[in-house]
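Okay, structure first, notes after.
Residue numbers (this note's numbering): 424 to 927.
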């Protein structure tokens, strides 16, 4: 199937359509969210659909043609791989730069030092194909997922049609200036990447140079791939302080006295529990024991809070609130120029960072999407606050996870004067085993694994992200029955009415 034929299937769905007519019914299973050839989410409308997806049930999987690009090979990407493969049975992936392909190869050789792996340039393009044995397919997919460096659907579409990559240098500079305006950093200290995980991966590579023979640390329960990257890519593994509370701070301090770390990763607030770690105390420990702090502030969207003064590196997934459309990926890494590690980290990032890795058409799309970022996030803040307050007082709800209720005192230390508490919230029902599945199925909100869109999105996040390790997640405080809502720009009264119809 060529990309032109593929495009005929879709008519791009305006964001307004999903705000008024969400995809939540059983018959919506597998529909792209939004209805675009470059959608990065698919609809999983029922609880059992999520389980079917996780267990690869053929009935469920035959309905799914798109998915989150790091977890699901896009049809256009698969077609491009097929076009440039030399054999029909060749196992291969495509990366926008040779260095990215070589990093993938290095990861695969750790798993099998004798494997025959080759890298070659595609015709007339900077894109490189890496070929590997079928026995390493799972490991290659893991690298694709955790490192976030694979080609995008727009890049694949251009490869299929023989279209050269557009020059997006002007749009890239506009994006950096836009992020600088919100974050307080300078444009020259902002690095753009093809995904949020690619930015985290680059930060990980850079800080590991601080102490090569030391582990990194993850403080508080995070988005899963951030921890998986540290566990799988580092021979010295990662230290994990799952609660991120006072007891964990005290344990971290004890550990640091005898075991140095190369860097500490945390989220502010965290996904999906919306907790806020004590950044000021972490900063004191970092200064005392000389390690950099990497803060993922995707959920704060860099417009609600200012954590840069206590970080050495901030990372943001531009895929989420910054874009708001669910049809383009991107990430940003921000260096704190006042950091003791600034010069070292900047030199490392100049080696790692490749502007051409972020495909031009994606940059152009992201620049367009983010023009109304401030106004959009302002409305999302107001709507999310109203929903969280409604859920907090509802008799059927046991727990609400939202910065105003989880760790307001800490959050407010970094909240900007005009900032809100963000657009993501989670909740767990009373008697969750009895009610959660039915509530999820009834909820008239688009169901899909993404966040930050201008239309509301809902998913059972722990079930999706940790299906093979649910008991482990629950020990860290993340219930398998948790429902996560990314609030959009809809009228909060309308969203509350939808919740009221779904709740017992």
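Where a beta carbon is used, it is the ideal one built from N, C-alpha and C, also for glycine.
Euclidean distance between Cα positions of residue i and residue j
i           : j           : result
residue 564 : residue 747 : 27 Å
residue 467 : residue 576 : 21 Å
residue 885 : residue 464 : 17 Å
residue 837 : residue 792 : 26 Å
residue 945 : residue 769 : Only positions 424 to 927 of the chain appear in this structure, which leaves residue 945 out of reach.
residue 736 : residue 659 : 22 Å
residue 761 : residue 609 : 12 Å
residue 583 : residue 573 : 16 Å
residue 829 : residue 547 : 53 Å
residue 480 : residue 613 : 42 Å
residue 668 : residue 534 : 35 Å
residue 815 : residue 670 : 27 Å
residue 450 : residue 678 : 52 Å
residue 893 : residue 835 : 32 Å
residue 826 : residue 908 : 14 Å
residue 676 : residue 636 : 19 Å
residue 854 : residue 811 : 19 Å
residue 778 : residue 550 : 13 Å
residue 426 : residue 494 : Its pLDDT being 36, under 50, residue 426 is placed unreliably by the model, and the measurement read from it follows with that caveat. Rounded to the nearest angstrom, the two C-alpha atoms are 21 Å apart.
residue 763 : residue 680 : 20 Å
residue 622 : residue 484 : 30 Å
residue 876 : residue 441 : 10 Å
residue 447 : residue 759 : 42 Å
residue 851 : residue 545 : 49 Å
residue 523 : residue 603 : 27 Å
Unbroken alpha helix (DSSP H) run spanning residue i, endpoints
i           : result
residue 816 : 796-816
residue 678 : 669-681
residue 618 : Looking at the DSSP string, residue 618 is not in any alpha helix (DSSP H), and its letter there is neither H nor E.
residue 828 : 826-829
residue 789 : 783-792
residue 931 : As displayed, the chain neither begins before 424 nor continues past 927, which places residue 931 out of reach and without an answer.
residue 769 : 765-775
Nearest neighbour of residue i, chosen from the options [CA to CA]
i           : options            : result
residue 919 : 805, 893, 875      : 805
residue 644 : 654, 653, 663, 655 : 663
residue 821 : 858, 534, 764      : 858
residue 924 : 450, 863, 628      : 863
residue 725 : 755, 667, 589      : 755
residue 773 : 691, 618, 654, 611 : 611
residue 847 : 873, 629, 596, 562 : 873
residue 787 : 902, 910, 591, 619 : 591
residue 655 : 781, 562, 733, 812 : 562
residue 891 : 452, 443, 453, 473 : 473
residue 713 : 542, 685, 690, 674 : 685
residue 796 : 501, 704, 845      : 845
Whether residue i touches residue j by CB criterion (8 Å)
i           : j           : result
residue 926 : residue 824 : no
residue 693 : residue 721 : no
residue 794 : residue 912 : no
residue 879 : residue 462 : no
residue 843 : residue 808 : yes
residue 868 : residue 445 : yes
residue 632 : residue 661 : no
residue 888 : residue 571 : no
residue 569 : residue 652 : yes
residue 782 : residue 519 : yes
residue 559 : residue 538 : yes
Same chain, Cβ closer than 7 Å to residue i, neighbours up to 5 away in sequence not counted
i           : result
residue 817 : 926
residue 607 : 729, 731
residue 593 : none
residue 482 : 475
residue 789 : 598, 741, 746, 751, 753
residue 921 : 866, 867, 868
residue 470 : 860, 863, 864, 883
Residue range of the unbroken beta strand (DSSP E) whose run includes residue i
i           : result
residue 719 : 716-719
residue 518 : 514-518
residue 553 : 551-555
residue 851 : 847-852
residue 909 : 906-909
residue 757 : 754-758
residue 640 : 639-642
residue 686 : 686-690
Close beta carbons around residue i, own chain, < 8 Å, minus the five adjacent residues each side
i           : result
residue 508 : 515, 552, 554
residue 833 : 699, 700, 701, 702
residue 898 : 665
residue 585 : 547
residue 709 : 687, 715, 716, 735
residue 917 : none
residue 895 : 889
Cutoff 6 Å; reference residue i; Cβ partners in own chain excluding five residues on either side
i           : result
residue 505 : none
residue 784 : 577, 589
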